[in-house]
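So the structure is just underneath, and the comments pick up after that.
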Amino acid sequence: MTRSRVAAVLRDTADLLEAEGWDPRINPVVSAIDRAAGYVPGKGSVDGEQTTLEAWDALVTYLGNQLVVLWERDPGRTQVQVLHAIRSAAKAVTS
């Protein structure tokens with residue numbers, strides 16, 4: 217898996233969440249990463265799953281090893297913060 221592919225999935229994730237509206241319980245980051253990578257849990261390809269895992273790891277690393285689910289459910293977390301973190305993680309992957 218290339219770093220550029222992981223970064224592209226993260227950028228696509230942010231774009232999806234911006235278009236659809238982010239909600240930590242209804243439209244969480246992990247689901248958007250799966251969709252951006254073209255991965256359907258239980259049905260997707262190994263490549264799609266690997267891309268999802270690497271994108272997830274890149275975001276976790278950007279967040280200082282915080283669990284994304286807990287981070288995004290933090291009271292007061294905003295869509296702007298979520299999109300910024302995802303896009304920043306994408307930039308960090310290719311830096």
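According to my numbering, the residues represented by the sequence shown are 217 to 311, in order.
Glycine is no exception: its CB is placed at the ideal position from the N, C-alpha and C atoms.
Suppose contacts are defined by Cβ-Cβ distances below 8 Å. Is residue i in contact with residue j by that definition?
i, j, result
"Glu234", "Leu299", "yes"
"Ala248", "Tyr278", "no"
"Thr229", "Ala271", "yes"
To the nearest angstrom, how far is the alpha carbon of residue i from that of residue j?
i, j, result
"Arg227", "Ile302", "7 Å"
"Ile242", "Val284", "15 Å"
"Leu196", "Asp250", "Missing from the structure shown is residue 196; the chain here goes from 217 to 311 and no further."
"Thr267", "Val256", "12 Å"
"Pro159", "Ser220", "Residue coverage of the chain in this structure runs from 217 to 311, which leaves residue 159 outside it and unanswerable."
"Ala238", "Gln295", "It should be pointed out that residue 238 corresponds to Trp in this sequence rather than to Ala. Taking the straight line joining both Cα atoms gives about 6 Å."
"Gly280", "Gly254", "26 Å"
"Leu286", "Ala305", "17 Å"
"Pro240", "Lys259", "24 Å"
"Gln282", "Glu288", "10 Å"
"Ala252", "Val225", "5 Å"
"Gly264", "Val222", "11 Å"
"Arg293", "Thr218", "30 Å"
Is it buried or exposed, residue i, if we count other Cβ atoms within 10 angstroms and call 16 or more buried?
i, result
"Val245", "buried"
"Leu275", "buried"
Per DSSP, what kind of secondary structure is residue i in: helix, strand or coil?
i, result
"Asp263", "helix"
"Asp290", "coil"
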